[in-house]
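Residue numbers (our numbering): 79 to 450.
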Amino acid sequence: MIIGLPKEIKDNEYRVGLTPAGVRALTDAGHRVVVETKAGDGSGFEDSLYERAGATMLGSADEVWGEGEMIVKVKEPIAPEYPRMREDQLLFTYLHLAPDVQLTNQLLQRKVTGVAYETITDRRGTLPLLTPMSEVAGRMAVQVGAHFLEKMSGGGGVLLGGVPGVPAARVVIIGGGVVGTNAAKIAVGMGAHVTIIDNNLDRLRELDDIFLSKISTLASSAYMIHDAIQTADLIVGAVLVPGASAPKLVTRNMLKDVPNGAVLVDVAVDQGGCVETTHPTTHSEPTYYVEGVLHYCVANMPGAVPRTSTFALTNATLPYALRLANNGLKAAVEKDPGLKEGVNTYGGKLTYEAVAISQNKEYTPLDQLLSA
Ligand SMILES: NC(=O)c1ccc[n+]([C@@H]2O[C@H](COP(=O)([O-])OP(=O)(O)OC[C@H]3O[C@@H](n4cnc5c(N)ncnc54)[C@H](O)[C@@H]3O)[C@@H](O)[C@H]2O)c1
Numbered sequence: 079m080i081i082g083l084p085k086e087i088k089d090n091e092y093r094v095g096l097t098p099a100g101v102r103a104l105t106d107a108g109h110r111v112v113v114e115t116k117a118g119d120g121s122g123f124e125d126s127l128y129e130r131a132g133a134t135m136l137g138s139a140d141e142v143w144g145e146g147e148m149i150v151k152v153k154e155p156i157a158p159e160y161p162r163m164r165e166d167q168l169l170f171t172y173l174h175l176a177p178d179v180q181l182t183n184q185l186l187q188r189k190v191t192g193v194a195y196e197t198i199t200d201r202r203g204t205l206p207l208l209t210p211m212s213e214v215a216g217r218m219a220v221q222v223g224a225h226f227l228e229k230m231s232g233g234g235g236v237l238l239g240g241v242p243g244v245p246a247a248r249v250v251i252i253g254g255g256v257v258g259t260n261a262a263k264i265a266v267g268m269g270a271h272v273t274i275i276d277n278n279l280d281r282l283r284e285l286d287d288i289f290l291s292k293i294s295t296l297a298s299s300a301y302m303i304h305d306a307i308q309t310a311d312l313i314v315g316a317v318l319v320p321g322a323s324a325p326k327l328v329t330r331n332m333l334k335d336v337p338n339g340a341v342l343v344d345v346a347v348d349q350g351g352c353v354e355t356t357h358p359t360t361h362s363e364p365t366y367y368v369e370g371v372l373h374y375c376v377a378n379m380p381g382a383v384p385r386t387s388t389f390a391l392t393n394a395t396l397p398y399a400l401r402l403a404n405n406g407l408k409a410a411v412e413k414d415p416g417l418k419e420g421v422n423t424y425g426g427k428l429t430y431e432a433v434a435i436s437q438n439k440e441y442t443p444l445d446q447l448l449s450a
């Protein structure tokens, strides 16, 4: 198969869909990989590294999309990329189609096979290609929290770990999933007092086993959340209700009781945020104050650490890319029902039910199309 790796062109996107190691794995398996020049620059991979790994470098995105039978990317295609997509081309990337009617229509009209990272499932039913970015964002949440707690950054001037004779900062993490657990690991490592709040008691039991007595756990309720954040220096929002907007668990009224200069990092901002006063911010202007609390609500936190994020993402995506290249789509999804879940569009039909429902479009099961 010919695999195309274009440079990402979305604003401030520095990740890339394949590392040189990924290119090597694909070329070793007998495939041809064409890479747009400078595709890896933002993640620290020079063209020469791709060349050494066996890639053919091409000077333009048009050439890469023109040759590639499978295009491997990070972000969903944006308008300048639409005309480059062509019939039967396999597009392997994050798609997030539900809110994106324009892109969905383009994929359908152009009969592109759209395999979306975010809907692939594994044997446990979790989303293996979303997990790495949650790990990055969770770990970053405490790192940026510590930074913004510094006086010069606008916070209350509190050191997370305290020092002998001065108590450590209090970190309250709402949601104990992937983001929350990774945030807790860093916060505990920095010596903070950590409390994790979740409404899933089994999850709290697991967290208690993982962290032993190093954290406190609380069952989620408005009362307990209000109580916990009244003494918090750093609050991390990390809840997710799959397929739904995040519930507003912290209200503006509750924030009035949070100490001035405390920092709130609402990682769940990409699902609307779990705090009433959350609105999305960017890396260039990441923060704002409400009720004296410094809010950090960047919707694409992993974008700040593209090198780590590219490695983390491609560690998870490469095995799927290899299976798609080695077997072709049909055989690959027959062998792996979780990969089949990733197929959102095929032959001009919408094959992912939730997207069809949210856009009020017709849904066609993939099996029906593959057996035709
Ligand atoms: N901003 C970013 O750059 C960025 C990056 C990665 C992930 N995210 C987002 O972070 C959020 C969390 O992701 P995740 O991978 O940790 O999800 P997850 O499913 O692993 O964890 C979510 C947790 O929230 C808990 N929860 C649900 N309702 C709750 C409630 N009412 N009270 C307390 N806890 C509740 C669940 O039990 C679960 O443990 C998602 O919205 C995800 O999209 C954002």
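For glycine and all other residues, C-beta sits at the position ideal for the given N, C-alpha and C. All figures in this text were calculated on a predicted structure; none of them were measured in a lab.
Own chain partners of residue i with C-beta closer than 6 Å, once the 5 adjacent residues on each side are dropped
i: residue 115; result: 125, 135 and 137
i: residue 359; result: 375 and 376
i: residue 448; result: 408
i: residue 270; result: 238, 246, 247 and 249
i: residue 194; result: 173, 420 and 422
i: residue 131; result: 98, 101 and 102
i: residue 127; result: 98
C-beta contact flag for residue i and residue j at 8 Å
i: residue 253; j: residue 315; result: yes
i: residue 170; j: residue 399; result: yes
i: residue 216; j: residue 257; result: yes
i: residue 197; j: residue 419; result: yes
i: residue 148; j: residue 444; result: no
i: residue 428; j: residue 211; result: no
i: residue 139; j: residue 111; result: no
i: residue 349; j: residue 179; result: no
i: residue 464; j: residue 384; result: One cannot answer for residue 464 here, as it falls past the ends of the chain, which runs 79 to 450.
i: residue 372; j: residue 341; result: yes
i: residue 219; j: residue 343; result: yes
i: residue 289; j: residue 324; result: no
i: residue 142; j: residue 206; result: no
i: residue 378; j: residue 107; result: no
i: residue 298; j: residue 277; result: yes
Span of the alpha helix (DSSP H) around residue i
i: residue 283; result: 279-289
i: residue 332; result: 330-333
i: residue 128; result: 125-130
i: residue 406; result: 384-413
i: residue 351; result: Careful: residue 351 lies outside any alpha helix (DSSP H) and carries neither H nor E.
i: residue 258; result: 256-267
i: residue 102; result: 98-106
Proximity to residue i [Cα-Cα], best of the options
i: residue 79; options: 86, 297, 237 and 101; result: 101
i: residue 296; options: 274, 200 and 288; result: 274
i: residue 380; options: 83, 94 and 85; result: 94
i: residue 452; options: 369, 96, 244 and 166; result: With the chain running from 79 to 450 in the structure shown, residue 452 is simply not present.
i: residue 120; options: 406, 382 and 395; result: 382
i: residue 411; options: 242, 207 and 199; result: 199
i: residue 113; options: 82, 417, 105 and 89; result: 82
i: residue 202; options: 416, 446 and 439; result: 416
i: residue 160; options: 293, 190 and 107; result: 190
i: residue 208; options: 393, 439, 122 and 414; result: 393
i: residue 104; options: 439, 397 and 414; result: 397
Closer than 8 Å to chain C by CB, residue i
i: residue 401; result: Structure shown: chain C not included; a single protein chain is present.
Boundaries of the beta strand (DSSP E) in which residue i is found, first to last residue
i: residue 226; result: Where residue 226 is concerned, there is no enclosing beta strand (DSSP E), although the alpha helix (DSSP H) it sits in stretches over 209-227.
i: residue 82; result: 80-83
i: residue 194; result: 191-194
i: residue 422; result: 421-424
i: residue 373; result: 371-374
i: residue 367; result: 365-368
Contact set for residue i: own chain, Cβ-Cβ below 7 Å, skip 5 residues either direction
i: residue 129; result: 135
i: residue 441; result: 428, 431 and 434
Proximal residues to residue i (C-beta, below 8 Å), its chain only, five neighbours per side dropped
i: residue 235; result: 227, 228, 229 and 339
Cβ-heavy atom distance, residue i to ligand 2, below 7 Å
i: residue 243; result: You won't find ligand 2 in this model; what it holds is ligand 1.
Below 8 Å, can you find three or more Cβ-Cβ pairs linking the region 323-336 to the region 349-368? Three or more beta-carbon pairs separated by less than 8 Å link the region 323-336 to the region 349-368, which places the two stretches in contact.
Would you be able to state if there are at least three C-beta pairs under 8 Å between the region 177-188 and the region 151-168? Counting Cβ pairs under 8 Å, three or more are found: they touch.
Should the region 419-428 be regarded as contacting the region 219-230, the criterion being three or more beta carbon pairs within less than 8 Å? No: the two stretches stay apart, fewer than three of their Cβ pairs being nearer than 8 Å.
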